[in-house]
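Chemist: Going by my numbering, the first residue of the sequence shown is number -4, and it counts up by one from there.
Note that the Cβ used here is the ideal one computed from N, Cα and C, for glycine as well.
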Amino acid sequence: MFCKYCGKELPDKSVFCSDCGKQLVENSGTTSIIPSYLPPKTKTLNIKPDSSKSRLIAALLAFFFGDLGAHRFYVGKFFTGFIQLILGLSSLVSLVLFLLDEVEIAVVMVFVGIIWGFWTLVDFLMILCGTFTDGKGLKITDWDM
């Protein structure tokens, strides 16, 4: 037997559709104890599981080696980890250039370093707050190693 309203297959002798809640059989003049309305089927929540990566390790990597994107490599964000690595190395180059009195080039690199440092700081704070995600988009919430 199929529901004439939504097309769902139902067991024979069904009075109501279990999917849309519509009444399938007309009343034959008798009073029914079955309510004429069934609430709609509730939707299941799509909750993602948490990441298996350690929040403690990610926080320590971000604090000590965040300049080189180590925390991003750890959680599987390889592309942005590589970008942070390049920015970190370029900041080290700007320091060397500054020490060699190549001030013009070093000044430009200082601005890059400020942006990169802010990015690393935001990553570190997100890890501490538990909102940082791994490469699969799963939140890193577990402090255990």
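Secondary structure at T115, three-state DSSP: helix, strand or coil?
Modeler: Here T115 sits in helix by DSSP.
Chemist: Looking only at DSSP bridge pairs, what is F11 linked to?
Modeler: Its beta-bridge partners are Q18.
Chemist: For the alpha helix (DSSP H) that G76 lies in, which residues bound it at each end?
Modeler: Segment 73 to 94, the alpha helix (DSSP H) holding G76.
Chemist: Here's the rule: buried if 16 or more other CB atoms are within 10 angstroms of the residue's CB, otherwise exposed. What is M104?
Modeler: So M104 counts as buried.
Chemist: Measure the C-alpha to C-alpha separation of H66 and E99 and round it to an integer number of angstroms.
Modeler: Each residue's alpha carbon lies about 32 Å from the other.
Chemist: Which two residues bound the contiguous alpha helix (DSSP H) that contains Y69?
Modeler: Looking at the DSSP string, the run of the alpha helix (DSSP H) that includes Y69 is 65 to 70.
Chemist: Checking 7 Å against the spacing of the C-beta atoms, do K48 and G130 come in under that value?
Modeler: No, they are not a contact pair.
Chemist: Does the separation of the CB atoms of S13 and I135 fall below 7 Å?
Modeler: Cβ atoms of S13 and I135: not closer than 7 Å.
Chemist: So if DSSP puts F(-3) in a beta bridge, which residue, or which two residues, is it bridged to?
Modeler: The partner list for F(-3) (beta bridge, DSSP) reads E4.
Chemist: To the nearest angstrom, report how far apart V117 and D137 are at their CA atoms.
Modeler: Distance between the alpha carbons of V117 and D137: 19 Å.
Chemist: Just to confirm before moving on: does the CB-CB distance between L5 and C(-2) stay below 7 Å?
Modeler: Result yes, Cβ atoms of L5 and C(-2) sit closer than 7 Å.
Chemist: What's the gap between the Cα of F127 and the Cα of G2?
Modeler: Each residue's alpha carbon lies about 44 Å from the other.
Chemist: Can the beta-carbon of A54 be found closer than 7 Å to that of Y69?
Modeler: For A54 and Y69, no; Cβs fall outside 7 Å.
Chemist: Taking the alpha carbon of F113 as the point to measure from, which residue in S89, L82, P35, L95 has its own alpha carbon closest?
Modeler: Nearest option by C-alpha distance: L82.
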